[in-house]
Amino acid sequence: MEMGCIRPRCEAVHQRTWRRRSVWPAVASSMLAIAALTPGARAHDPGYIVHNLGTLPGATTTIATAVNNKGQVTGYCWYPDTSRWHGFLWEAGSMTDLGPALPDTSFLAAGINDHSQVAGWMIDHTTELEQAAVWANGVFTPVIEHPAAQRSFANDINNAREVVGSAVVPSLGKELPYLWSNGTARKLALPDAMVSGQAVGLSETGDIAGAGWDPTTQTWTAIAWVGPNHTPRNLGSLAANGSSKATAVSDIGSVTGWTDVDDANPAAFLYRDGLMTALPSLGGSSAHGNAINEADEVVGAAWHEGSQDWHATAWRLGVISNLNGILVPGSEWDSLTEATDISDIGEIIGYGRHESGDIQSFLLEPLLTLTTPIPGNSGEVNTFDCAGATPGNEVIFVYGFNWGTFDVPNCPGAVFDIQTPALLDSAIADARGHAVFDKLVPSQAKYKVVIFQAWEPATCDVATAVMWTFY
């Protein structure tokens, strides 16, 4: 796989109702029954359920490229008998064949919005022409049409049905970045000295991420097109005369991608508030970012020296996680190779090496996961955070001092791992699936060992209990 290739234009193989609070039978003790403060924003690594998306009948390789906030996934499958790619739409364990638009064509799906509309491109295997298109309700609509273009690509689509991509025009010797909106394709402006470009990522606010080519320096440079006029912004590189590419932009304007770095391997980056920062890698190896959500959580891949292979990775608060760490012994996966997208509720998709020998795709669904109190000290305000909840749903936090079992109210078969749990507090899960509140832990709690647990009444999901000693 080409290092830092623009999602999803990589070589495929070289690549969760508001609810009233339930009545709780126990009364919180005076130690922690104190007024909650304003919720704060925190993030931590949740646990995951690993879903194998499977493949279409007769297909082998499956590449997942995009996930929306409804948990729908799109991408493409390889049919070895016909040497053709078919786009797919996966939802709740079922994969739909988007098929090629015409005979002897392929369709590579690249982006999906919350209306189940899919952006990608068709390949005519007779003429070898490629045409950007949007699939919706079984109908393909050509987009980003240029009269002299030999190839055009649709890389992303937002809920306003805006599409970004590019068109290759041989007569000009250029690849031109485009925005398609309301049935019209508009070429995006490039910074001075750049003659070609690619528009790759698109936010719900209309900001665009991509890259431009400077023939003088022979470098690609990350670009963000921002504001209502899509003004191009040169994001630069972390190496003198080095290259960089932006692959995705969040709804709050943060950008990720990859950049050359002086005296180091190419790195994934987070660009925020006018500053490009290199994200950590796995032991100093190369890395690249493919996608970012509104919580500035980035996913991509990093080179793993031990296995001599790419490993799917995630970065939260600037800390890298090797997603292969969630695989258990006996897993059907040999490795998770590339994380290609992350939704605003924290679902991660990508592909990896399956035990069958094929390249297959995965969806990582966050489990309800409770972190230990932050910072964990008595006499201070502590943050309690439960990740993996349904956005908008109430999460109830309980505590106790002894391990045991206790039936969860209104959830037959569900139990707490606490002998006599007491109510701590509750919080509504935000758009990222985090239920968070702050609470002052009094100094009398010093050296107390407390067990915490959380549950979501609407779904009866119960988080694994955590134990903490306050200092």
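Its first residue numbered 13, the sequence shown is counted upward by one per residue in my numbering.
Beta carbons are placed, not taken as given, at the ideal position from N, Cα and C, and that holds for glycine.
All of these numbers come straight from a predicted model, not from anything done at the bench.
Per DSSP, reduced to three states, the secondary structure at ALA457 is helical.
Apart from sequence neighbours up to five positions away, the residues of its chain that approach LYS458 with a beta-carbon distance below 8 Å are SER390, GLY391, PHE482, TYR483, ordered along the chain.
For LYS257, the uninterrupted beta strand (DSSP E) segment begins and ends at 256-261. With fewer than 16 other CB atoms across the displayed protein chains lying within 10 angstroms of its CB, GLY295 is exposed. Ranked by how close their Cα comes to the Cα of VAL311, the residues TRP147, ASP116, ALA276, LEU348 have LEU348 in first place.
Between the alpha carbons of GLU157 and THR86 lies a gap of roughly 23 Å. Out of MET107, GLN143, ARG444, TYR363, the CA that lies nearest to the CA of LEU120 is found in GLN143.
Exclusion of the five residues before and after ALA201 leaves PRO244 as the residues of its chain whose Cβ lies within less than 6 Å of its Cβ. Within the region 401-462, the complete beta strand (DSSP E) segments at least 3 residues long are 406-412, 415-419, 427-430, 434-440, 447-453, listed from N- to C-terminus. For GLU140, the closest alpha carbon among the candidates ASN81, PRO424, GLN162 is that of GLN162. Distance check between VAL273 and each of ALA260, PRO292, ASP285, ARG284 places PRO292 closest, using alpha-carbon atoms only. Per DSSP, VAL62 is one residue of the beta strand (DSSP E) stretching across 60-64. Beta bridge pairing from DSSP links GLY99 with TYR88. According to DSSP, ILE360 shares a beta bridge with ILE354, LEU376. Going by beta carbons, THR259 and ALA221 fall inside the 8 Å limit.
ILE264 sits in coil when the DSSP states are folded into three classes, being neither helix nor strand. At the C-beta level, ASP263 and GLU309 stay beyond 8 Å of one another. Boundaries of the beta strand (DSSP E) around ASN394: 392-399. According to the DSSP assignment, HIS323 belongs to the beta strand (DSSP E) that extends over 321-328.
Non-local C-beta neighbours of GLU350 in its own chain, meaning closer than 7 Å and more than five positions away in sequence, comprise GLN27, ALA313, TRP322, ALA324, GLY362, TYR363, ordered along the chain. For GLN210, the pairing in a beta bridge is given by DSSP as ALA223.
Note: GLU142 is bridge-paired with ILE135, ARG163 in the DSSP secondary-structure output.
When the five nearest sequence neighbours on each side are left out, the beta carbons in the same chain lying within less than 8 Å of the beta carbon of THR117 are those of ARG96, MET134, ILE135, ASP136, HIS137, in order along the chain.
Here the alpha carbon of GLY185 sits roughly 17 Å from the alpha carbon of GLY177. Here DSSP, grouped into helix, strand and coil, assigns ASN171 to coil. Look at ILE156 here: in three-state DSSP terms it is coil, with no helix or strand label. In the three-state reduction of the DSSP assignment, GLY337 falls in the helix class, which pools H, G and I.
Listed in chain order, the non-local C-beta contacts of ALA441 below 7 Å within the same chain comprise ALA401, THR402, PRO403, GLY404, ASN405, VAL407, ALA447, local neighbours out to five positions each way being set aside. A buried status is given to ALA299, since no fewer than 16 other beta-carbon atoms sit within 10 Å of its beta-carbon. Less than 8 Å divides the Cβ of GLY83 from the Cβ of GLU103. Distance from the CA of ASN149 to the CA of GLN129, rounded to the nearest whole angstrom, comes to 8 Å. In the DSSP assignment, the residues bridged to PRO189 are SER178. The beta carbons of VAL79 and GLU359 sit closer together than 8 Å.
With a cutoff of 8 Å on beta-carbon distance, THR73 and CYS89 are scored as near each other. Residue GLY70 holds the alpha-carbon nearest to the alpha-carbon of PRO92 among LEU382, GLY70, SER183.
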